[in-house]
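**Student:** Counting from 1136, one number per residue, gives the positions in the sequence shown under the working numbering. C-beta atoms are modelled at their ideal positions from N, C-alpha and C, and glycine is treated no differently. Because the structure is a prediction, the values reported are computed rather than measured. Take a look at the following structure, please.
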Amino acid sequence: MSDTYDCPSCDGPMRPARLSWVRACGCGVLRSTLDIAIPAKPRASAIDEQARVDGLASLRDRNNARLLDTIYGLTAGRRLLDVGCGPGFLLAQAGAFQAVGIEPDANVALAATTSAKVRHGYFPDALAPDERFDVIVFNDVLEHIPDMLQALAASHRHLSDDGVLVLNCPSRNGLFFRVASILERLGMRAAYERLWQVGLPSPHIWYMTPRDLTRAAEKANLAEVRQVRLDTTDTRGLWSRIRSVRDEGLLLSVAAYGFARIAHPFAKMLPSDAVAVFYRKQLAA
Ligand SMILES: [Zn+2]
1136 MSDTYDCPSC
1146 DGPMRPARLS
1156 WVRACGCGVL
1166 RSTLDIAIPA
1176 KPRASAIDEQ
1186 ARVDGLASLR
1196 DRNNARLLDT
1206 IYGLTAGRRL
1216 LDVGCGPGFL
1226 LAQAGAFQAV
1236 GIEPDANVAL
1246 AATTSAKVRH
1256 GYFPDALAPD
1266 ERFDVIVFND
1276 VLEHIPDMLQ
1286 ALAASHRHLS
1296 DDGVLVLNCP
1306 SRNGLFFRVA
1316 SILERLGMRA
1326 AYERLWQVGL
1336 PSPHIWYMTP
1346 RDLTRAAEKA
1356 NLAEVRQVRL
1366 DTTDTRGLWS
1376 RIRSVRDEGL
1386 LLSVAAYGFA
1396 RIAHPFAKML
1406 PSDAVAVFYR
1416 KQLAA
């Protein structure tokens, strides 16, 4: 990979930032140069899957229900593609759709609870060239994909006319990301590295706002139609979620838990760290 990038939102140059692995655009978009090492074949993972699954269950199910409710309101089409579907949680809740998922991690794809609907591979290579969907969902996935514009263009190609694209990405406007950024400037990098998922097999490549995303999506003829704020903190299951990264120090875990508990009541009043943006496919003029 080249060390210079253009911003997918404004086409500006992304320049080195204070941390060696961060590039920043003048418009505010952030990109990491972290290595991606998704297992192509099954092997032991750094994340304790069971702890992560248990810890996220109630928060995840509630946010997925919100995404699906919004989709019902935007289209009568029922063919849904979940890109980077993981173990198939959204698929399991999307019973009213003819849903399929794509998952690049071999461990996860093989273990998927909805394995009949899950293909092992990458988007869009795991699809036939002429496959079309009424809905394509990137649920905490687009921020992991280096060539974002290519993924958006492929989404446009694989959507039916009037199809709906759903992008749920972490926002750099969010409270947790802002606090972590301040702590990083003060020399405390752990929370910032945690949000970027440094050291995990598929770290974050992008940190953007919903507005940044929409500017990138418009280049692929995808027009924003809705934003839905999602929850990022839930006191239930928080501890097991924090502890699911096995190598993390106990002190950092305690600090993260304490901050999340204290911030929880305020977080609802401030910009969320997770906003889902819904787009409608526009046909080229
Ligand atoms: Zn930019």
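Please enumerate, following chain order, all residues with a beta carbon closer than 5 Å to at least one heavy atom belonging to ligand 1.
**Tutor:** So the residues near ligand 1 by this Cβ test are Cys1142, Ser1144, Cys1145, Gly1147, Cys1160, Cys1162, Val1164.
**Student:** What are the boundary residues of the alpha helix (DSSP H) that alanine 1241 is part of?
**Tutor:** Within the sequence shown, numbered from 1, the residue matching residue 1241 stands at position 106. Where alanine 1241 is concerned, the enclosing alpha helix (DSSP H) stretches over 1241–1246.
**Student:** Need the endpoints of the alpha helix (DSSP H) that alanine 1261 sits in, please.
**Tutor:** The residue labelled residue 1261 in the question sits at position 126 within the sequence shown. Neither: alanine 1261 is in no alpha helix (DSSP H) and is coded neither H nor E.
**Student:** For phenylalanine 1224, tell me which candidate among Gly1208, Thr1205, Ala1244 has the shortest Cα-Cα distance.
**Tutor:** Counted from its first residue, the sequence shown places residue 1224 at position 89. Closest option to phenylalanine 1224, Cα to Cα, is Ala1244.
**Student:** Could you check whether lysine 1416 and histidine 1291 sit closer than 7 Å to each other, using their CB atoms as the reference points?
**Tutor:** Stepping through the sequence shown from its first residue, residue 1291 is reached at position 156. Stepping through the sequence shown from its first residue, residue 1416 is reached at position 281. In this structure, lysine 1416 lies closer than 7 Å to histidine 1291 by Cβ.
**Student:** Is it the case that the Cβ atoms of valine 1164 and serine 1144 are separated by a distance below 7 Å?
**Tutor:** For the purposes of this step, residue 1164 is taken as residue 29 along the sequence shown, with counting starting at 1. For the purposes of this step, residue 1144 is taken as residue 9 along the sequence shown, with counting starting at 1. Yes, the Cβ-Cβ distance between valine 1164 and serine 1144 is below 7 Å.
**Student:** Evaluate alanine 1419 with the Cβ neighbour count: other Cβ atoms within 10 Å of its Cβ, from every protein chain shown; 16 or more gives buried, anything less gives exposed.
**Tutor:** On the sequence shown, residue 1419 is found 284 positions in, with the first residue counted as 1. With fewer than 16 Cβ atoms within 10 Å of its Cβ, alanine 1419 is classed as exposed.
**Student:** When we look at the beta-carbon of glycine 1221 and count the other beta-carbons within 10 Å, is it buried (16 or more) or exposed?
**Tutor:** The residue given as residue 1221 occupies position 86 in the sequence shown. It is buried - the Cβ of glycine 1221 has at least 16 other Cβ atoms within 10 Å.
**Student:** Given a cut-off of 7 Å on the beta-carbon distance, is the pair asparagine 1199 and glutamine 1228 in contact?
**Tutor:** As a first step, residue 1199 is located in the sequence shown; it is residue number 64 there, counting from the start. As a first step, residue 1228 is located in the sequence shown; it is residue number 93 there, counting from the start. Contact: yes.
**Student:** According to DSSP, what are the bridge partners of arginine 1150?
**Tutor:** Residue numbering aside, residue 1150 sits at position 15 when the sequence shown is read from its first letter. Ala1159, per the DSSP bridge assignment.
**Student:** Is the distance from the Cβ of alanine 1326 to the Cβ of leucine 1318 below 7 Å?
**Tutor:** On the sequence shown, residue 1326 is found 191 positions in, with the first residue counted as 1. On the sequence shown, residue 1318 is found 183 positions in, with the first residue counted as 1. Yes, they are a contact pair.
**Student:** Measuring only the C-alpha atoms, how far is arginine 1361 from proline 1151?
**Tutor:** Position 226 of the sequence shown, counted from the start, is the residue given in the question as residue 1361. Position 16 of the sequence shown, counted from the start, is the residue given in the question as residue 1151. So the two alpha carbons sit approximately 33 Å from each other.
**Student:** Would you check if the distance between the CB atom of valine 1301 and the CB atom of arginine 1364 is smaller than 7 Å?
**Tutor:** Here residue 1301 is taken as the residue at index 166 of the sequence shown, counted from 1. Here residue 1364 is taken as the residue at index 229 of the sequence shown, counted from 1. Against a cut-off of 7 Å, the Cβ pair of arginine 1364 and valine 1301 comes out as no contact.
**Student:** Considering only their Cβ atoms, is the gap separating tryptophan 1331 from arginine 1166 smaller than 7 Å?
**Tutor:** Here residue 1166 refers to the residue found at position 31 of the sequence shown. Here residue 1331 refers to the residue found at position 196 of the sequence shown. No, Cβ-Cβ distance for arginine 1166 and tryptophan 1331 is not below 7 Å.
**Student:** Residue range of the beta strand (DSSP E) that histidine 1255 falls in?
**Tutor:** Taking the first residue of the sequence shown as 1, we reach residue 1255 at position 120. Element bounds for histidine 1255: 1253–1255.
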